[in-house]
Amino acid sequence: MDIKVFIAGKEATCSECGENLGRHAWITLVENQGPVCLSCADLDHLEFLPSGDAALTRRAGKYSKLKAIVLQWSRSRKRYERQGILVEQAALAQAEEDCLADADLRALRRERDAERREWLDQAYLAQFAERVRELYPHCPPGREQTIAEHACEKFSGRVGRSASAKALDEAAITLAVTAHIRHSETQYDDLLAQGNERFDARKMVWGQIEQILETWK
6 MDIKVFIAGK EATCSECGEN LGRHAWITLV ENQGPVCLSC ADLDHLEFLP SGDAALTRRA
66 GKYSKLKAIV LQWSRSRKRY ERQGILVEQA ALAQAEEDCL ADADLRALRR ERDAERREWL
126 DQAYLAQFAE RVRELYPHCP PGREQTIAEH ACEKFSGRVG RSASAKALDE AAITLAVTAH
186 IRHSETQYDD LLAQGNERFD ARKMVWGQIE QILETWK
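This note's numbering applies: residue 6 is where the sequence shown begins, and numbers increase by one.
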């Protein structure tokens with residue numbers, strides 16, 4: 006079954022972490038629980054690929070082990086309409102490489118990169134990355150920038166957009182670093198793709214995450 010992510014049409018609060026997500030937040034809906042932000046749903050590392058290019062979407066979806074459909078309610082048509090998909094960054098990059106022979110797609114990637122840069126608050130991004138490096142001085146070079154960019158993208162529902170993260174709170178920074186390790190340094194995504202529940206998958210990789218956190222300190 007496809008994972009579904011909804012763009013909320015009104016104020017939303019995450020039922021797991023309690024964060025006020027505001028309007029237009031990207032959420033999942035859990036039965037008998039309510040809205041869950043992408044960070045708590047362990048989907049915050051995925052990249053958004055808007056609808057519009059069928060070939061790129063098809064390739065990215067094929068390469069991505071974990072993916073989700075993004076939907077938004079249309080008031081005029083009284084139905085949810087597909088806005089695009091969320092896929093793994095490496096899968097999107099591979100799909101774009103496959104399509105590079107098409108000059109129009111090269112232009113599309115430049116436009117997408119420009120839009121992404123506009124979405125990122127550069128000053129806050131630098132502060133967030135600096136705080137990651139301060140708390141985890143032994144993390145691999147450049148990793149603090151990667152963590153900051155993923156955590157701080159606007160409207161993403163990721164931990165970097167929370168009030169505590171904007172205050173550069175240690176606990177919030179640690180959550181961002183932990184999420185990055187979970188997805189990039191463990192088999193967590195493979196476990197999800199195999200059908201494991203996320204709470205079970207988290208338990209399976211937690212020991213490995215703790216070891217890496219300790220090494221990076």
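Where is the CB? At the ideal position from N, CA and C, for every residue including glycine.
Just to confirm, is the Cβ distance from residue i to residue j under 8 Å?
i: Q38; j: S20; result: yes
i: I217; j: E175; result: no
i: W18; j: N25; result: Residue identity check: residue 18 is Thr in the sequence provided, not Trp. In this structure, N25 lies closer than 8 Å to T18 by Cβ.
i: Y68; j: A96; result: yes
i: Q77; j: I12; result: yes
i: L173; j: Q127; result: no
Taking buried to mean at least 16 other C-beta atoms within 10 Å of its own C-beta, is residue i buried or exposed?
i: F204; result: exposed
i: R28; result: exposed
i: V35; result: exposed
i: K72; result: buried
i: H155; result: buried
i: R166; result: Reliability fails at R166, whose pLDDT of 49 lies under 50, so the model's placement of it is uncertain and no value is given.
i: A170; result: Low confidence applies to A170: its pLDDT is 48, below 50, so where it sits in the model is not reliable enough to give any reading.
i: E116; result: exposed
i: L105; result: exposed
i: D47; result: buried
i: D49; result: buried
i: H143; result: exposed
i: P40; result: buried
i: T184; result: In the sequence on display, residue 184 carries Ala and not Thr. A184 should be labelled buried.
i: E52; result: buried
Name the one or two DSSP bridge partners that residue i has.
i: I32; result: F11 and C42
i: Y85; result: W78
i: L91; result: F53 and A73
i: N201; result: Paired residues: none, contrary to the question.
i: T18; result: N25
Could you confirm whether any beta carbon from chain C is found closer than 8 Å to the beta carbon of residue i?
i: K222; result: Going by chain labels, chain C is absent from the structure shown, which holds only one protein chain.
Thinking residue i and residue j are a contact (beta carbons under 8 Å), I'd like their distance in whole angstroms, please.
i: V10; j: L43; result: 7 Å
i: V137; j: I186; result: Contact flag wrong, Cβ pair sits at about 12 Å.
i: W31; j: Y141; result: About 27 Å; that fails the 8 Å criterion.
- Does the stretch 55–71 come within contact of the stretch 83–91, defined as at least 3 CB pairs closer than 8 Å? yes
- Query: Does the stretch 194–201 come within contact of the stretch 132–150, defined as at least 3 CB pairs closer than 8 Å?
  - Reply: No: the two stretches stay apart, fewer than three of their Cβ pairs being nearer than 8 Å.
- For the 8 Å Cβ check, are there 3 or more pairs between the stretch 205–212 and the stretch 68–84? no
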